[in-house]
């Protein structure tokens, strides 16, 4: 049987006071002496609990507006002292053991979420808290450290069973070190300035949910929420449907990220396997959805839908005509919810607002031996669009070129996007050859037209966007053969002159953006 240890003295210092009083009352009922600081001590006293100020233990008052109060040998010696090893030193210096530490740190994450200025951020950087947490976590042979209110109940269960086990203390030590690592890393990221990559970085997140599995059933998985993200899939409210899977979350995030770039208009994004398969602007969300669906109705089956505006009943009527995995929007009318409720396998999510693309911060990709880090791809053009052909695009072509290039930025490379009148009419994604992407997008457009009984492909009279330059003229000529009238691409190929000449020969208008958008 595992030996248990009943704590005798506990130090409580918390910014999050949820559940504090009933928890402290239970500790007291187990004969645990309570030490505390500042607002925590005040809250305990007002609840009628007997509590000793840390200043009485240290013999030194809190100073500098509370910046210094626990940084003292009587506190850290009480936490770090090893039973049977440091007993003599503790007795010589009058240091009593502290067996339980309950600390949750100054709310730095909340300051970040609220957009606090530099001074506000600095004032919520905790110093004494992390120091005590690390000391306690190191001495898990004797000391229990609790950093999350959700662990109050498990600790009380341990005490009711006669005391904490080493396994429990070690697990809490692991949680505690994760907490301080996350806290320090977030501070580091917030203080980092300049374009140079940070010298040290990593991931900062708190588990939001354990997922059933990852991309495939044999892969374990979990979702983590970051402190900075104010709007996004993990902050959405789910109104119906079963738990979101790894793939649901990944695909929904892709849909929301593109929708965010179109948030000034009524627009709908349909995503399948993290690639847009239909995107459109419209007079309403219902209109935008119908126009987006036309692009590739086959791939849209079982897809993810993100809307830029509130979904009304008319839009819900259109969306529920085919099977959809997830619908996410800034809001849903009640009568629309009633229609969605009839589709039991549909997950319906709402978010307060779409994220600001300019606020997305970093992308980390694990590789063998480490990970890759890059800033988020928040820009669209490298400057003013440059017309490089004899014919300049018309006003309508230019609007469609901007739209198509925005969508291409979110399509896996090599990406080709055809668009007409603010809607995609053909998308080619993830091919090793740009020529293949051009042909696939045109073929999908033809398939969609045949499904509608149309005599010619939707791509006729459209514009085409390429996420990177055309290395040869063949991909551009394939787009011209399909019916495209104007082209947008980054430019920068060694054969730009050849490609421009081919565009002129085909009567195409072409603009260069000066910026590519690979997405691997």
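In the numbering used here, the protein residues as written are 162 to 681. Ideal Cβ positions, reconstructed from N, Cα and C, are used throughout, including at glycine. Since the model is a prediction, treat every value here as computed from it, not as a measurement.
Query, Result
"Counting pairs of Cβ atoms below 8 Å between the stretch 603–619 and the stretch 553–566, do you hit three or more?", "no"
"In angstroms with no decimal places, state the Cα-to-Cα distance between residue 201 and residue 266.", "12 Å"
"Can you list, in chain order, the residues of its chain whose CB lies under 6 Å from that of residue 234, leaving out five sequence neighbours each side?", "none"
"Please list the terminal residues of the continuous alpha helix (DSSP H) segment that includes residue 315.", "313–321"
"Could you spell out the range, first to last residue, of the beta strand (DSSP E) harbouring residue 158?", "Nothing can be reported for residue 158: it is not among the residues displayed for the chain, which extend from 162 to 681."
"Rounded to whole angstroms, what's the CA-CA distance from residue 458 to residue 466? Just pull it up for me.", "13 Å"
"Find out if the Cβ-Cβ distance for the pair residue 170, residue 307 is shorter than 8 Å.", "no"
"Would you tell me roughly how many angstroms separate the C-alpha atoms of residue 633 and residue 641, rounded to the nearest one?", "14 Å"
"In terms of residues, what are the limits of the alpha helix (DSSP H) holding residue 601?", "595–612"
"My parser needs the beta strand (DSSP E) runs of 3 or more residues fully inside the stretch 191–227; what are they?", "194–197"
"Mind checking whether residue 456 and residue 622 have CB atoms under 8 Å apart?", "no"
"Could you check where the alpha helix (DSSP H) with residue 180 kicks off and where it finishes?", "Looking at the DSSP string, residue 180 is not in any alpha helix (DSSP H), and its letter there is neither H nor E."
"Considering only residues of the stretch 515–574, which uninterrupted alpha helix (DSSP H) runs meet the minimum length of 4 residues and lie entirely inside it, listed in chain order?", "556–569"
"Decide if residue 269 is buried, meaning its Cβ has at least 16 other Cβ atoms within 10 Å, or exposed.", "buried"
"How close, in whole Å, do the beta carbons of residue 553 and residue 662 come, if the pair is a contact with beta carbons under 8 Å?", "The Cβ separation is near 17 Å, so there is no contact."
"Please identify the residue among 379, 420, 404 whose C-alpha is closest to the C-alpha of residue 392.", "420"
"Suppose only complete runs of 3+ residues qualify. What are the beta strand (DSSP E) ranges in the stretch 274–316, listed by chain order?", "305–307"
"Out of 422, 485, 302, which has the shortest C-alpha to C-alpha gap to residue 327?", "302"
"Just verifying my parser: in three-state terms, what is the DSSP assignment at residue 333?", "helix"
"Taking Cβ to Cβ, would you say residue 573 is nearer than 8 Å to residue 424?", "no"
"Which same chain residues, not among the five before or five after residue 464, have their C-beta less than 7 Å away from its C-beta?", "431, 432, 433, 438, 485, 486"
"Contact defined as beta carbons within less than 8 Å: I believe residue 225 pairs with residue 320. What is the distance between those atoms, to the nearest angstrom?", "With a Cβ gap of about 35 Å, residue 225 and residue 320 do not count as contacting."
"Report the residue from 411, 637, 359, 309 whose alpha carbon sits nearest the alpha carbon of residue 173.", "309"
"Just to confirm the assignment, what range does the beta strand (DSSP E) spanning residue 372 have?", "367–372"
"From residue 436 to residue 209, what distance separates their C-alpha atoms?", "59 Å"
"Can you tell me whether DSSP reads residue 238 as helix, strand or coil?", "helix"
"Run through the stretch 640–671 for me and flag every whole alpha helix (DSSP H) of 4 or more residues, listed as ranges in chain order.", "657–666"
"Just to confirm the assignment, what range does the beta strand (DSSP E) spanning residue 452 have?", "Element bounds for residue 452: not the beta strand (DSSP E) but the alpha helix (DSSP H), 446–456."
"Below 8 Å on the Cβ atoms is my guess for residue 198 versus residue 231; work out the distance and round it to an integer in Å.", "7 Å"
"My output table needs one value for residue 585: the three-state DSSP class, helix, strand or coil.", "strand"
"Go ahead and pull the three-state DSSP assignment for residue 615.", "coil"
"Check whether the Cβ atoms of residue 340 and residue 294 lie closer than 8 Å to each other.", "yes"
"So for residue 362, helix, strand or coil by DSSP?", "coil"
"Considering only the alpha carbon of each residue, which of 645, 638, 239 lies closest to residue 596?", "638"
"CA-CA distance, residue 385 and residue 333?", "19 Å"
"For chain D, is any of its Cβ atoms less than 8 Å away from the one on residue 487?", "The chain labelled as chain D is not found in the depicted structure, where only one protein chain is given."
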